[in-house]
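Peer 1: Counting with full-length UniProt numbering, you get residues 1 to 449 for the letters of the sequence shown.
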Amino acid sequence: MSGHGTPIPMTSRKCGPLNGEAAVPGDKSISHRALIFGALAVGETKVTGLLEGEDVLDTAKAMRAFGATVTQHGPGEWSVNGVGVGGFSEPDNVIDCGNSGTGVRLIMGVMATQGINATFTGDASLNKRPMGRVTDPIALFGAQSVGRSGGRLPMTIVGATEPVPVEYTVPMPSAQVKSAVLLAGLNAPGQTVVIEKEATRDHTERMLEGFGAEISVEETEDGRRITLTGQPELKPQVISVPRDPSSAAFPTCAATIVPGSEVFVPGVSQNLTRNGIYTTLVEMGADITFENERLEGGEPVADLRVRYAETHGIEVPPARAASMIDEYPVLSVVAALSTGKTVMRGVKELRVKECDRIDAMARGLRACGVTVEEDEDTMIVHGMGPGGVPGGATCESFLDHRIAMSFMVLGMAAQNPVSVDDGTPIATSFPVFEDLMKTLGAQITRDNA
């Protein structure tokens, strides 16, 4: 059962060509950070294009609970009057982060060095996810944490009253962990250093610089060395949130596998730490052109024009995993409808997302007639060629928005309808997914409607 309401089974059926414009919502990662950094600045930060999915709205509620004034002025238009670095107030109630691993981990980092206490919880999915990857490094600053066995939510963080700067090597490629440490370092004196062996999405570093923090990034033989000088006064900004490349992957992949399709996806972030899915699709033979390349709000963006193409399997370089970790589920759908096998290695991080995404996709694809191999760090999909997937199964979404949307995309090109047991998690990141895809020509129905 979803943490946000009664389950809604959904079914996607084979459809004709998809055509039109797919204006996907704002980037989820940047939306979270825009609210958090706005709360840490002194003065009013204005945000346009904010994603108004449940994950981001939960972060907005959290910032209010810590003392910031967060106001919606219209669709996607928000303002945040911040309290300054170190200015958070202790919240009166438990902070519910819903389904958002990004939200809870970043917020834990922010308040870990502010000398206040806060208790965090989430929905059934979030409360199963590991928090030790964040509580371990924030303990180095002097914060304490008390949670359920296995380092799970609900969890209380006792912020450090006299934080110290740290040097921390991130043990896994995780932008959430890197960002949590940098956010904790904001209110610690001196320099906090984060070393990551593999580059992950760099929105936190970009936004820190944009808000006026002193931060440097050095490429070394061991990876990236990020140095932040603590206790700055962050200056409010005007932020235009680009469209989410993870959300854009769904209409892009759908247009790639549905014969006769041509879809235009405007203003999609092409940040090099996020665009691995598009590089991979092109290598598989997808017909994607990148038009009107430009900068918006400090982020590279482009308009995508996507046409149907017959794709082939490839071996995805493991080094690319961090730049497309959220897109492997829908990539596995394209792989199922390609010729040959697609090998995805270095993807063990998928096992600790909203659900075990390797297991979830393998189960659903097999139920639809696709051969899938897996181990702890690898997923191999044996393609059945264009139109070759039988389908006809009901797949479990495991409270995971990306799993639910991926199987809806599969149903658009499979021989028989594909269903999911619960489509409500889609609202966490892409609340207009169903309507947008129907406008393009998809046949998606709510089975209890």
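From the three backbone atoms N, C-alpha and C, an ideal C-beta is built for every residue, glycine too.
(1) Residues in the same chain with beta-carbon distance under 6 Å from E196, minus the five sequence neighbours each way, listed in chain order, please.
(2) Can you pull the DSSP bridge partners for T121?
(3) Put G101 into one of helix, strand or coil per three-state DSSP.
(4) Can you tell me whether E233 is helix, strand or coil according to DSSP?
(5) Do F250 and V409 have their beta-carbon atoms positioned less than 8 Å apart in this structure?
(6) Would you kindly check if the distance between the Cβ of T279 and the Cβ of G313 is under 8 Å?
(7) Comparing alpha-carbon positions, which option in S31, G20, L18, R13 lies nearest F430?
(8) To which residues does DSSP link V306 through a beta bridge?
(9) What number of angstroms, rounded off, separates the C-alpha of A442 from the C-alpha of D92?
(10) Check for me: the alpha helix (DSSP H) holding K28 runs from which residue to which?
(11) Once the 5 residues before and after R366 are set aside, which same chain residues still bring their CB inside 8 Å of it?
(12) For A139, which residues of its own chain have a beta-carbon under 8 Å away from its beta-carbon, when the five flanking residues on both sides are left out?
(13) Relative to the C-alpha of P266, which residue among T256, G276, G101, E291 is closest?
(14) Below 8 Å CB to CB, which residues in the same chain sit around R243 once its five sequence neighbours on both sides are set aside?
(15) From the DSSP secondary-structure annotation, give me the bridge partner or partners of N448.
(16) To which residues of the same chain is E167 closer than 6 Å at the C-beta, ignoring the five residues directly before and after it?
(17) What's the call for N275, buried or exposed, on a 16-neighbour Cβ count within 10 Å?
(18) When the Cα of V158 is compared with those of A112, V370, L40, A309, which residue comes out closest?
(19) Helix, strand or coil, according to DSSP, for G3 in the structure here?
(20) Check whether the Cβ atoms of A180 and R105 lie closer than 8 Å to each other.
(21) Can you check the stretch 164-220 for any beta strand (DSSP E) of at least 3 residues that lies completely inside it and give the ranges in chain order?
(22) Round the Cβ separation of L281 and G20 to the nearest angstrom and send it over; I've been treating them as touching at under 8 Å.
(23) Taking the alpha carbon of V352 as the reference point, which residue from V370, D326, Q114, V333 has its own alpha carbon closest?
Peer 2: According to the structure data:
(1) Only V170, K178, G223, R224 meet the Cβ criterion.
(2) DSSP lists D96 as the bridge partner or partners of T121.
(3) Looking at G101 - three-state DSSP - the assignment turns out to be helix.
(4) Correct three-state label for E233: coil.
(5) Their beta carbons are under 8 Å apart, which means V409 touches F250 by this criterion.
(6) Contact annotation: G313 and T279 have beta-carbon atoms that are not nearer than 8 Å.
(7) Closest by alpha carbon: S31.
(8) BP columns for V306 point to V263, I288.
(9) Rounded to the nearest angstrom, the gap between the Cα atoms of A442 and D92 is 45 Å.
(10) Note, K28: alpha helix (DSSP H), 28-40.
(11) Correct list, in chain order: V372.
(12) Only S145 meet the Cβ criterion.
(13) Per the Cα distances, E291.
(14) Excluding sequence neighbours, R243 sits near A23, V24, P25, G26, D27, G49, V265, P266, G267, V268, S269, V301.
(15) Bridge partners of N448: none, in fact.
(16) Answer for E167: V193, listed in chain order.
(17) Burial state of N275 is buried, judged by a 10 Å Cβ sphere holding 16 or more other Cβ atoms.
(18) Considering only A112, V370, L40, A309, the residue with the shortest C-alpha distance to V158 is A112.
(19) Confidence at G3 is low in this model, with a pLDDT of 45, below 50, so its placement is unreliable and the value that follows should be read with caution. In the structure shown, G3 adopts coil according to DSSP, grouped into three states.
(20) With contacts defined by Cβ atoms closer than 8 Å, A180 and R105 form a contacting pair.
(21) The qualifying runs are 167-170, 191-196, 215-220.
(22) No, L281 and G20 are not in contact; Cβ-Cβ is about 20 Å, not under 8 Å.
(23) Comparing alpha carbon positions, the residue from V370, D326, Q114, V333 closest to V352 is D326.
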